[in-house]
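Q: Once you've had a glance at the structure underneath, I'll fire off some questions.
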Amino acid sequence: MFLSISTTGLPNNPATDLGWLLHKRPDKVQSFAVAAGKAHVFYSEASPKRCTAAMMLTIDPVALVRGDSALQDQYVNDRPYVASSLVSTAIANVYSSALNGRCNDRPELVNVALPLTATIAVVKVKGDTNTIQRLFQPLGYTVDVVRHYVDDRFPDWGYGPYYTLTLTHTLPVKNLLTHLYVLLPILDNEKHYFVNQQEIDVLLKKGEGWLSAHPERDFITWRFLRRKASLTREALDRLTAIDPEVDVDDLVQEEAPPTTTAEQEPEATRTFISLHEQRLKAAFEVLKRSGVNSVLDLGCGEGKLLRMLHTDPQFRRIAGMDVAYRDLLRAKDRLHYDQFNESQRERLSIFQGSLLYRDSRLNGFDSATLIEVIEHVEPERLPNLERVVFEFAQPALVIVTTPNKEYNQKYGMTDDQSRHTDHRFEWSRAEFSAWCASVSQRFGYKVRIVGVGEADPLVGASSQMAVFDFNKS
Amino acid sequence: MTLDIPDMSLVVLIGPTSSGKSTFARQHFSPTEIISSDQCRGYVSDDDSDQSATGDAFELLHHWASLRLKRGRVTVIDATNVQQHARKQLIELAREHHVLPVAIVFNLPESVLKARHEQRTDRSFGDHVIGSHQRELRRSLKFLAKEGFRNVYVFNSPEEVAAVTGLQRTRLWNNRTDEHGPFDIIGDVHGCLTELHELLTKLGYVMKKDDAGINRVTHPEGRKALFVGDLIDRGPDSVSVLKLVMQMVADQTGLCVPGNHDAKLGKYLAGKKVQLTHGLAETVKQLEAEPIEFRQSVNAFIYKLVSHFVLDDGKLVVAHAGLKESMQGRGSGTVRSFCLYGDTTGEIDEFGLPVRLDWATNYKGKAMVVYGHTPFPEAEWVNNTIDIDTGCVFGGKLTALRYPERELVSVPAHQLYSEPSRPFLTGTSIVGELPISVEHQPDTLPRRAAQHQADDVLDMSDVLGKRVIQPRIGPLVTIREENAIAALEIMSRFAVNPKWLLYLPPTMSPSETSTLPGYLEHPAEAFAYYRNQGITKVVCEEKHMGSRAVVIVCREATVAQTRFGLADSAEGVVYTRTGRRFFLKLEIETAFLQKVNRALTATNFWADHNTDWVALDCELMPWSAKATDLIRHQYAAVGTSGLNALTAAQEALKQAALNDQAVASLQSQTIERLSNIQKYRTAYATYCHEVDGLEGLVLAPFHVLATEGNVYANRPHTWHMETIATLCAADPGFLLATPYHVVDLNNGASVEAVTDWWVRLTAAGGEGMVVKPFDFIAKTDKGKLIQPAIKCRGSEYLRIIYGPDYDTPDYLTELRQRGLTTKRTMALREFTLGLEAMERFIDREPLRRTHECVFGVLALESEPVDPRL
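Protein chains in written order, with numbering that gives the first Met the number 0: chain A, 0 to 472; chain B, 0 to 868.
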């Protein structure tokens with residue numbers, strides 16, 4: 000990874016003043032030990048007209064292979080080349096006095112706004128491709144980026160998330176370093192070290208004077224604190240003592256750890272999330288009205304519906320099942336399942352299972368819900384799911400929801416796009432209703448279908464919900 | 000004197016304290032057979048005589064006994080058991096496990112007991128307890144048989160107790176495990192004498208009238224006929240059928256279990272009141288024409304019939320209406336009624352017949368179960384059970400199953416003798432009995448076998464939790480629960496229909512690390528490994544760099560239904576090493592399979608191997624066809640970020656041009672890293688090229704895994720290579736025959752030549768080679784399995800795996816420390832499981848048996864192991 004800082008100086012300040020500020024001599028290479036490698040500082044030019052200080056990090060691959068897991072989740076990875084939190088650490092280490100606004104020999108230089116250009120090769124951007132601009136432009140930088148092909152020999156593979164970034168602005172060096180220190184790790188949304196309470200203090204200190212007014216303040220705080228809701232909430236409380244309107248839950252949802260690698264635009268994500276709440280509410284109300292006492296949430300995910308059911312005494316027996324074990328751990332976490340006493344555990348159970356296998360644990364429930372589940376199953380394996388649920392488990396009430404494909408155009412989606420990369424199909428209203436009819440006829444259920452979410456006279460509601468009642472005869 | 004103790008029994012000792020129960024038990028039973036209440040008290044409370052622990056102690060006692068009885072072990076309950084309610088619980092326990100309750104009563108004079116009590120130091124209570132025990136015992140005595148005890152032995156004096164010299168362990172009547180056949184098991188005859196004669200003749204039996212004019216049936220090869228019952232009613236000549244079968248049983252050329260019709264006749268003959276329906280009236284009329292002695296002998300014959308037989312070391316069970324595993328070889332009223340009437344719910348269906356539960360669909364027992372009772376047009380296997388009642392009396396046919404050959408032999412009915420109450424010749428299926436699961440199969444579709452229908456939905460209990468699998472070529476494989484968790488997710492979310500998954504490929508270990516400068520892997524170590532295992536002949540195959548693909552081709556699309564049991568027809572399937580469908584677009588997959596099919600057809604593969612499907616283990620190129628996402632997000636990402644970051648640094652260093660040793664060193668270091676990144680980019684790009692539909696795809700099969708009836712693990716690799724080369728010649732642009740060399744490890748020139756070949760191959764960008772023992776399955780002298788393959792990868796290829804700078808000397812030294820033990824044990828376990836899956840598939844075992852193995856491979860793959868190996 001490579002970071003250079005250049006200045007052309009000012010009438011009263013030759014460019015070489017940069018050397019005093021950075022506290023590094025222009026006539027030799029200096030090397031410093033940093034996390035997992037070395038930082039080298041050298042000047043590629045040093046004249047009164049123009050001075051460029053370059054810092055390059057060489058990550059020691061042997062250190063990587065010895066298994067410092069924080070640096071390495073994959074064996075072949077981009078960490079040695081990307082300006083990540085390793086660079087922030089290196090800045091704090093190598094340019095420590097400059098970052099902290101100290102210059103013992105020339106203290107008057109510290110607050111001088113110099114014409115500065117910083118070039119970073121390369122940064123990695125996770126999420127919105129405008130993130131660089133969103134972060135740096137409000138601070139007055141002229142932002143110049145070169146986006147790199149993932150492989151220029153295979154242009155079909157398109158662009159990757161890597162950029163060479165050039166920032167130009169006239170400001171004190173310490174401000175530039177502070178901005179880089181805080182914002183570089185925001186771009187790739189990773190940190191090589193464990194983040195705790197102290198990180199809040201670091202952020203508030205480094206963000207003094209600019210962060211609270213930054214339009215992306217919440218986003219920066221959220222990512223800087225490794226997307227930890229409690230830390231973010233506290234940091235924002237402290238940052239915005241005068242502005243208590245912040246809703247961390249919005250952020251939590253916006254950047255909830257994605258279950259797939261879908262690169263959804265935040266706007267659309269937010270819409271889908273509120274739709275999801277509506278679906279859960281709709282299903283919950285059906286359960287409530289039907290008077291059932293036991294509910295089996297099939298494909299419970301992180302347990303949102305379980306949490307709704309949990310607080311309602313009508314539901315005396317609740318079970319959540321999902322095939323994704325990690326989601327179940329998260330569901331247990333959110334319910335504080337480890338603190339449940341025996342009777343609570345008897346009332347609410349969570350277990351891993353699959354709708355493609357017959358399972359005696361699913362027997363004996365009044366009702367079952369499959370909220371946004373069927374579209375995650377390969378069409379060729381749906382008949383298995385049908386039999387497992389409707390023939391073998393056979394609850395008296397079954398609620399199934401699935402997206403209404405027709406509505407996708409309202410989200411500006413084309414016909415071949417789906418709402419989630421893991422959706423194996425999305426059905427129109429006619430397709431869903433045909434499936435429901437076939438299921439109800441084969442397994443002896445009555446069915447009614449309702450729309451959920453915003454409705455449109457032409458394409459119907461965003462989501463569709465079927466309520467199956469077992470015909471007792 | 001000896002006591003008879005059935006080998007499936009719960010022995011209840013009954014007697015007051017100090018009556019000598021424990022002493023008797025110790026004397027006549029093995030210590031593990033005895034469960035004493037005092038002992039249980041001790042286990043739960045550390046005090047044998049702590050009466051406050053009685054409740055918990057008995058809970059333990061019952062649970063303990065229950066586990067033993069489940070396993071069919073004789074269990075002795077050493078407690079006073081003088082109270083009726085205590086015995087009732089034990090009787091219930093015995094019934095629950097279908098074992099015989101036996102009572103041994105110690106009804107000794109009170110004076111004896113009190114004298115003994117005096118002597119004891121381990122009893123804190125007074126001797127008044129003895130009196131009350133004694134009174135309760137006396138009250139109970141005459142009711143014991145009524146309470147349900149099958150055998151009751153009462154000792155009235157210490158002398159009688161002492162007179163017992165030993166126990167006679169007796170087998171239950173149904174235990175015929177020492178009869179090994181061969182048998183011809185014959186379905187419901189229902190008085191169809193002519194067809195029975197014809198069937199016996201067809202089976203090779205010889206019928207001769209003896210001097211007394213009685214038909215004597217024998218088989219020249221000593222085979223025995225085994226009747227599943229329902230000899231009588233509805234058909235034309237129940238009496239003659241009875242005569243024939245009774246004579247065969249008497250002559251020991253036949254065995255017979257009772258059917259519900261036979262049992263009902265037995266009741267009638269015993270003078271009980273029964274309704275003369277379902278053809279019984281006709282039989283009774285026929286019998287009345289016979290002399291009274293005959294009727295008495297029929298009565299005696301039926302009375303002696305045993306509900307079911309367990310034969311041939313427990314490998315075969317015959318019962319009229321089938322029998323689930325937990326009841327086999329046991330005796331109780333419930334077992335008998337299951338044998339006679341099957342697994343009924345008590346409900347009556349629309350035709351007035353009892354609704355049956357699908358015990359066969361859920362059957363997982365080891366024994367083959369052959370039964371009749373419910374007529375179906377065809378006898379069909381389901382989970383190693385078969386109903387051979389093919390409705391002869393309803394105009395169907397009379398069927399026999401030859402055991403152990405598993406062949407069906409039948410003769411058609413001459414006429415419809417009786418109208419069935421439910422139409423049975425309409426293609427109903429054994430597993431279609433539940434009203435909901437009835438399949439709607441248009442006549443145009445090939446009918447799927449009952450087993451295939453039963454396999455449509457697998458059961459969670461067959462995959463979840465810790466499991467142990469016994470492959471036929473290696474040691475037991477244990478699948479840990481946490482690995483099953485990971486496999487369940489992959490199997491459910493991504494895998495193709497499990498009916499296709501007859502195999503998943505095993506992982507492969509690399510060779511030990513090389514000590515040659517610049518090399519991490521080199522052929523020398525692979526050869527050394529095999530030499531050390533005592534192998535002298537190996538096959539070296541070029542290792543292609545693409546994606547692993549298992550290709551199953553059906554000769555006709557209907558084979559997907561008839562052989563694989565899928566609901567829809569298909570040309571076959573192509574799936575990845577994790578069971579995921581290779582092609583996202585069905586039309587591409589179809590076209591791809593058709594292309595392979597044409598080559599198979601052109602080379603006469605189908606006829607040569609007498610099959611209509613084949614499974615091939617292959618590499619599918621290019622790598623980028625399947626792995627584009629991985630390449631883009633990981634490999635190319637490293638390339639582009641490295642290239643751009645290092646180039647920027649390199650430019651700056653060039654400008655720096657300081658006269659400084661440190662700059663020069665940093666410069667040369669950067670130049671080298673830049674060159675490594677370039678080599679790395681070249682390395683992966685070698686395996687990437689554009690694919691348009693099928694255009695650009697190359698398939699390199701390297702194992703012919705299986706065809707109908709064959710798993711080719713018994714052929715050497717040269718056979719695989721040659722067979723595949725023949726196939727590939729039919730479509731050289733698309734099918735790639737793998738270059739290979741047979742190497743004699745004792746011949747230096749041979750080894751050197753193949754090493755040179757490897758060097759040239761990898762220098763030209765090839766991934767490397769795979770070294771395999773000449774035989775597909777290789778074992779050491781001591782019978783230990785040897786790695787079925789060792790890979791030896793080229794230096795430039797390894798750059799993709801270990802990173803651009805992996806061959807810098809320090810790094811390489813570090814990498815050489817890698818351990819291979821886990822990888823190799825995984826490779827062996829997965830290899831044995833993969834082969835086992837195919838063996839089970841070609842044996843047409845139930846899907847769960849095949850699935851268990853492929854699920855196991857997937858589960859083992861989730862073991863944490865260095866993915867670079």
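Glycine included, every Cβ here is placed at the ideal spot set by N, Cα and C.
Taking 9 Å as the CB-CB limit, is B:Met247 close to chain A?
A: Numbered from 1 along the second sequence, position 248 holds the residue referred to as residue 247 of chain B. So no, B:Met247 is outside the interface.
Q: Could you have a look at B:Cys191 and say whether DSSP puts it in helix, strand or coil?
A: Within the second sequence, numbered from 1, the residue matching residue 191 of chain B stands at position 192. B:Cys191 falls in the coil class under three-state DSSP.
Q: Threshold first: 3 residues or longer. Then list the beta strand (DSSP E) segments lying entirely within the stretch 533-613 of chain B, N to C.
A: Counting only runs of 3 or more, we get 536-542, 546-553 and 571-574.
Q: List in chain order: all unbroken beta strand (DSSP E) runs of 3+ residues lying wholly within the stretch 102-188 of chain B.
A: Within the stretch 102-188 of chain B, the complete beta strand (DSSP E) runs of at least 3 residues are 150-154, 165-169 and 182-185.
Q: Can you confirm whether B:Ser436, when its beta carbon is compared against all beta carbons of chain A, has any partner nearer than 9 Å?
A: Start at 1 with the first residue of the second sequence, and residue 436 of chain B comes out as number 437. Reliability of the predicted coordinates at B:Ser436 is poor, the pLDDT of 29 falling under 50, and the value obtained from them is presented with this limitation in mind. By this cut-off, B:Ser436 is an interface position.
Q: When the distance is taken between beta carbons, is B:Ala548 closer than 9 Å to B:Leu735?
A: Taking the first residue of the second sequence as 1, we reach residue 735 of chain B at position 736. Taking the first residue of the second sequence as 1, we reach residue 548 of chain B at position 549. Result no, Cβ atoms of B:Leu735 and B:Ala548 do not sit closer than 9 Å.
Q: Three-state secondary structure (DSSP) at B:His740?
A: In the second sequence, residue 740 of chain B corresponds to position 741, counting from 1. Reduced to three states, the DSSP call for B:His740 is strand.
Q: Check B:Arg94 in the structure and name its three-state DSSP category.
A: Numbered from 1 along the second sequence, position 95 holds the residue referred to as residue 94 of chain B. B:Arg94 falls in the helix class under three-state DSSP.
Q: Starting from A:Ser289, follow its DSSP beta bridges and name the residues at the other end.
A: Position 290 of the first sequence, counted from the start, is the residue given in the question as residue 289 of chain A. In DSSP, A:Ser289 forms no bridge with anything.
Q: Name the one or two DSSP bridge partners that A:Leu2 has.
A: Indexing the first sequence from 1 puts residue 2 of chain A at position 3. BP columns for A:Leu2 point to A:Met54 and A:Ile119.
Q: Since B:Leu665 meets chain A, which of its residues come closer than 9 Å, beta carbon to beta carbon?
A: As a working note, residue 665 of chain B is residue 666 in the second sequence. Going along chain A in sequence order, the residues near B:Leu665 (Cβ under 9 Å) are Val28, Ser30, His39, Phe41, Met55 and Thr57.
Q: Less than 7 Å between C-beta atoms, sequence neighbours within five positions excluded: which residues of the same chain meet that for B:Gln82?
A: The sequence position of residue 82 of chain B within the second sequence is 83, counting from 1. Cβ within range, chain order: Glu135.
Q: Scan the stretch 131-163 of chain A for residues whose Cβ lies nearer than 7 Å to a Cβ of chain B and list them as they occur along the chain.
A: If the cut-off is 7 Å between Cβ atoms, the stretch 131-163 of chain A has His147, Tyr148, Val149, Asp150, Arg152, Phe153, Trp156, Gly159, Tyr161 and Thr163 near chain B.
Q: Does the Cβ of A:Gln29 have 16 or more other Cβ atoms within 10 Å, making it buried, or fewer, making it exposed?
A: Translated into the one-based positions of the first sequence, residue 29 of chain A becomes position 30. By the neighbour-count rule (16 or more Cβ atoms within 10 Å), A:Gln29 is not buried but exposed.
Q: State the DSSP-derived secondary structure class of B:Gln649, mapped to helix, strand or coil.
A: Residue mapping note: residue 649 of chain B aligns to position 650 of the second sequence, counting from 1. Helix.
Q: Taking contact to mean at least 3 C-beta pairs separated by less than 8 Å, is the stretch 578-590 of chain B in contact with the stretch 520-539 of chain B?
A: As far as the Cβ criterion goes, the stretch 578-590 of chain B does not touch the stretch 520-539 of chain B, which means the pair count is below three.
Q: Could you spell out the range, first to last residue, of the beta strand (DSSP E) harbouring A:Gly450?
A: Indexing the first sequence from 1 puts residue 450 of chain A at position 451. That run of the beta strand (DSSP E) goes Tyr444 to Asp455.
Q: Tell me the residue span of the beta strand (DSSP E) that contains B:Met367.
A: One-based indexing of the second sequence puts residue 367 of chain B at position 368. It spans Met367 to Tyr370 - the beta strand (DSSP E) in which B:Met367 sits, taken as one unbroken run.
Q: Contact criterion: CB-CB distance below 9 Å. Does A:Ala120 meet it with respect to chain C?
A: The structure shown contains no chain C; its protein chains are A and B.
Q: Output yes if chain A places a C-beta closer than 9 Å to the C-beta of B:Met459; else output no.
A: Locating residue 459 of chain B in the second sequence gives position 460, counting from the first residue. Output row for B:Met459: interface = yes.
Q: Output needed for B:Gln450: all residues of its chain with C-beta closer than 6 Å, excluding positions within five of it in sequence on either side, in chain order.
A: As a first step, residue 450 of chain B is located in the second sequence; it is residue number 451 there, counting from the start. Counting only Cβ-Cβ distances below 6 Å, and skipping sequence neighbours, we find Trp380 and Val381.
Q: Hey, A:Thr167 and A:Thr220: beta-carbon distance below 9 Å or not?
A: By 1-based counting over the first sequence, the position of residue 167 of chain A is 168. By 1-based counting over the first sequence, the position of residue 220 of chain A is 221. No.
Q: Of all the CB atoms in chain B, is at least one closer than 9 Å to the CB of A:Gly100?
A: For the purposes of this step, residue 100 of chain A is taken as residue 101 along the first sequence, with counting starting at 1. Not an interface residue.
Q: Could you compute how far the alpha carbon of B:Thr389 sits from the alpha carbon of B:Gly19?
A: Working through the second sequence from its first residue, we reach residue 389 of chain B at position 390. Working through the second sequence from its first residue, we reach residue 19 of chain B at position 20. Looking at the two C-alpha atoms, the distance is approximately 58 Å.
Q: Just how far apart, CA to CA, sit B:Phe17 and B:Leu268?
A: Walking along the second sequence from the start, residue 17 of chain B turns up at place 18. Walking along the second sequence from the start, residue 268 of chain B turns up at place 269. Per the sequence shown, the amino acid found at residue 17 of chain B is Ser instead of Phe. So the alpha carbons of these two residues sit roughly 49 Å apart.
Q: With 9 Å as the limit, tell me which residues of the stretch 341-359 of chain A have their beta carbon closer than that to any beta carbon of chain B; keep them in chain order.
A: Against chain B - using a Cβ distance shorter than 9 Å - the residues of the stretch 341-359 of chain A are Gln351, Gly352, Ser353, Leu354, Leu355, Tyr356, Arg357, Asp358 and Ser359.
Q: Which residues in chain B sit within 7 Å of A:Met0, going by Cβ to Cβ distance?
A: The residue given as residue 0 of chain A occupies position 1 in the first sequence. In chain order: Ala644.
Q: In angstroms with no decimal places, state the Cα-to-Cα distance between A:Pro402 and A:Ser461.
A: As a first step, residue 402 of chain A must be located in the first sequence, where it is residue number 403. As a first step, residue 461 of chain A must be located in the first sequence, where it is residue number 462. Going by the C-alpha atoms only, they are around 6 Å apart.
Q: Measuring CA to CA, which of B:His62, B:Met7, B:Glu835 and B:Ile630 is closest to B:Leu500?
A: Within the second sequence, numbered from 1, the residue matching residue 500 of chain B stands at position 501. Of the candidates B:His62, B:Met7, B:Glu835 and B:Ile630, the one whose C-alpha sits nearest the C-alpha of B:Leu500 is B:Glu835.
Q: With a CB to CB cut of under 7 Å and the five nearest residues on each side skipped, what residues in its chain are close to B:Glu689?
A: Here residue 689 of chain B corresponds to residue number 690 of the second sequence, with the count starting at 1. Contacts found: Gly695.
Q: For chain B, is any of its Cβ atoms less than 9 Å away from the one on A:Ser3?
A: Here the question's residue 3 of chain A lines up with position 4 in the first sequence. Yes, A:Ser3 counts as interfacial toward chain B.
Q: Going by beta carbon distance, what residues of the same chain come within less than 7 Å of B:Arg798, once the five residues before and after it are set aside?
A: The sequence position of residue 798 of chain B within the second sequence is 799, counting from 1. The residues are Lys678, Tyr679, Ala682 and Tyr805.
Q: Contact between the stretch 159-170 of chain B and the stretch 108-115 of chain B is defined here as three or more beta-carbon pairs at a separation below 8 Å; is this criterion met?
A: The stretch 159-170 of chain B vs the stretch 108-115 of chain B: no contact.
Q: Since B:Asp187 and B:Val227 should fall inside the 8 Å C-beta cutoff, what is the C-beta to C-beta distance between them, to a whole number of angstroms?
A: Here residue 187 of chain B refers to the residue found at position 188 when the second sequence is read from its first residue. Here residue 227 of chain B refers to the residue found at position 228 when the second sequence is read from its first residue. With a Cβ gap of about 7 Å, B:Asp187 and B:Val227 count as contacting.
Q: So within the stretch 792-857 of chain B, which uninterrupted alpha helix (DSSP H) runs reach at least 4 residues, ignoring any that extend past its ends?
A: Complete alpha helix (DSSP H) runs here, min 4: 794-801, 808-814 and 820-841.
Q: Just checking my contact of B:Pro411 with B:Phe393 at CB under 8 Å: how many whole Å lie between their CB atoms?
A: The sequence position of residue 411 of chain B within the second sequence is 412, counting from 1. The sequence position of residue 393 of chain B within the second sequence is 394, counting from 1. At roughly 12 Å, the Cβ-Cβ gap does not stay under 8 Å, so B:Pro411 and B:Phe393 are not in contact.
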